[in-house]
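Below: the structure, in structure tokens.
In the working numbering, the protein residues as written are 186 to 678.
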């Protein structure tokens, strides 16, 4: 029986779209025998006879054959579309599984779905891992960043494979156990939300240089290529520099011919929804989502551009100095965006009782994933200095960067406003910074308004700025009758 088990595949994968194919090839290239299945059988044949020809893979043509081709306990990766298809395949697999078998969802599933599936499968005696996989097609093939969440017992079953197929940085795999139930998919969701923010910030820097400074694609390539050599160095900056070198069929820059209408698959929106549910501010990420939303109404924008007028975009100043100001503004805004994402993960860890190692998570993003960047080790160092750090902006390293770049950051945004160039992510990052550093905000007036029209009550502050509490240290709530009968009557036109 043992010999028979050794002849079978060590892991199985369902879903042979490009990501699934590349991940299967990655697994095989690291010395593991893998069995594959796809509901459209022709894809199995095409894969086995094409990219996988001559490799140590088993092509299967039914669920029964797929299950029987695997060693026990079975380890099965689902690389299918999030939502209903994941549940459908789980339902197909369950009748053929044995107690202790493991299903791994490697798609971009909503973490709430992952929590539901984890609990449901555990009741039936099966193991489940929701694993965030980042890096796109290239990452899947050469080594992605992986964020597995579920029971530790389940992770141990697949750890030898995951740590070998993931990206490696300084000999360390970009994969580690994230936490219970939906933690892995939650962290991947926040990763994607930060990705939205990164991309929007880069695009605003591009717009500023293109619209205000009139820079062409060759000049933009040189600037982004130079930025990639310094503290802004990252995968997204690198590919942005490359994009400006690509020519269309007529020899003009391809980027100029691409429709300015951005798509999205939902993880950025989910990040914003979760932030609202938890009451945690992530304005840069949300503005990045809204920027894609407004880009989608291209016909309306074309009509509005003919009707609505703004200032002339004539820049008066030193071009080289303004490019450097944009670079500093981009770095400062990027730090604020990451601060928001990590604050959200900290809040989720408290809400869902996850033991998230935020420093380790940042190290896991240094390779393979879309937001891999040089400065991520600085985030890990911040959490090493203070594991209870409530916000990255409070760390000395990041505080010093914000202080040194703040003047240029404000200069860039004010110039953009004066010249009518939209910079929602740059601006919201600065608003977040200014709000976070303010000892007193205008919410006192909001509370007075709420109490005025709805008797929602309010709390008061003592002279030292602390909330007034009773002898049990419980905040005291107040309500005021706001002289409704004595105020002048409002005359409505």
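Glycine residues also receive a C-beta, built at the ideal position from the N, C-alpha and C atoms.
Only a predicted model underlies this, so the values are computations on that prediction, with no experimental measurement involved.
Judged by DSSP secondary structure, residue 319 falls within the beta strand (DSSP E) whose first and last residues are 312-319. Of the residues assessed, residue 217 falls on the buried side of the cut-off, its CB having 16 or more other CB atoms within 10 angstroms. Pairing residue 295 with residue 314, the inter-Cα distance amounts to about 13 Å. A Cβ-Cβ separation of about 7 Å places residue 383 in contact with residue 519 under the 8 Å criterion. Straight-line spacing of the CA atoms in residue 606 and residue 425 works out to 20 Å. If the five residues before and after residue 508 are omitted, its C-beta is found closer than 8 Å to the C-beta atoms of 394, 398 and 408, all from its own chain and listed in chain order. Residues 514, 608, 611, 612 and 615 of the same chain have their beta carbon placed closer than 8 Å to that of residue 598, with the five preceding and five following residues left out of the count. Distance from the Cα of residue 252 is smallest, within the candidate group 580, 653, 534 and 195, for 195. Look at residue 359 here: in three-state DSSP terms it is coil, with no helix or strand label. In the structure shown, residue 626 adopts coil according to DSSP, grouped into three states.
The beta carbon of residue 209 sits closer than 6 Å to the beta carbons of 198, 219 and 221 from its chain, once the five residues preceding and following it are set aside; these are given in chain order.
When the Cα atoms are used, residue 498 and residue 391 turn out to be separated by approximately 15 Å.
The residue among 247, 211, 212 and 213 with its C-alpha nearest the C-alpha of residue 228 is 247. Taking the Cα positions, residue 546 is about 8 Å away from residue 361. For residue 602, the enclosing alpha helix (DSSP H) stretches over residues 581-604.
Assignment of residue 609 by DSSP, reduced to helix, strand and coil, places it in the helix class. Contiguous alpha helix (DSSP H) elements confined to the region 217-248 occur at 226-234, taking only those with 4 or more residues. In this model, residue 255 and residue 278 are separated by some 13 Å (Cα to Cα). Using a Cβ distance threshold of 9 Å, residue 281 and residue 332 do not count as a contacting pair. In this structure, residue 212 and residue 387 do not form a Cβ contact; the two beta carbons are roughly 32 Å apart against a cut-off of 8 Å. CA-to-CA, the gap between residue 452 and residue 656 works out to about 46 Å. In the structure shown, the three-state DSSP call for residue 383 is helix. Cβ-Cβ distances below 6 Å link residue 324 to 553 in the same chain, with the five nearest sequence neighbours on each side left out; the list follows chain order. Listed in chain order, the non-local C-beta contacts of residue 528 below 7 Å within the same chain comprise 465 and 576, local neighbours out to five positions each way being set aside.
When only Cα atoms are considered, residue 526 and residue 492 end up about 38 Å apart. Cβ neighbours of residue 243 within its own chain (closer than 6 Å, five residues either side excluded): 194, 220 and 254. The three-state secondary structure of residue 439, taken from DSSP, is helix. With the rule of 3 Cβ pairs closer than 8 Å, the region 563-583 does not count as touching the region 333-343.
In this chain, residue 551 is not harboured by any beta strand (DSSP E), its DSSP state being neither H nor E. Here residue 285 has 258 as same chain residues with Cβ atoms under 6 Å from its own Cβ, once five neighbours each way along the sequence are excluded. Nearest C-alpha to residue 505 among 374, 550, 404 and 289: 404.
Here residue 330 is actually not in contact with residue 544; their C-beta atoms are around 15 Å apart, not less than 8 Å.
Residue 459 is not a Cβ neighbour of residue 381, given a cutoff of 9 Å.
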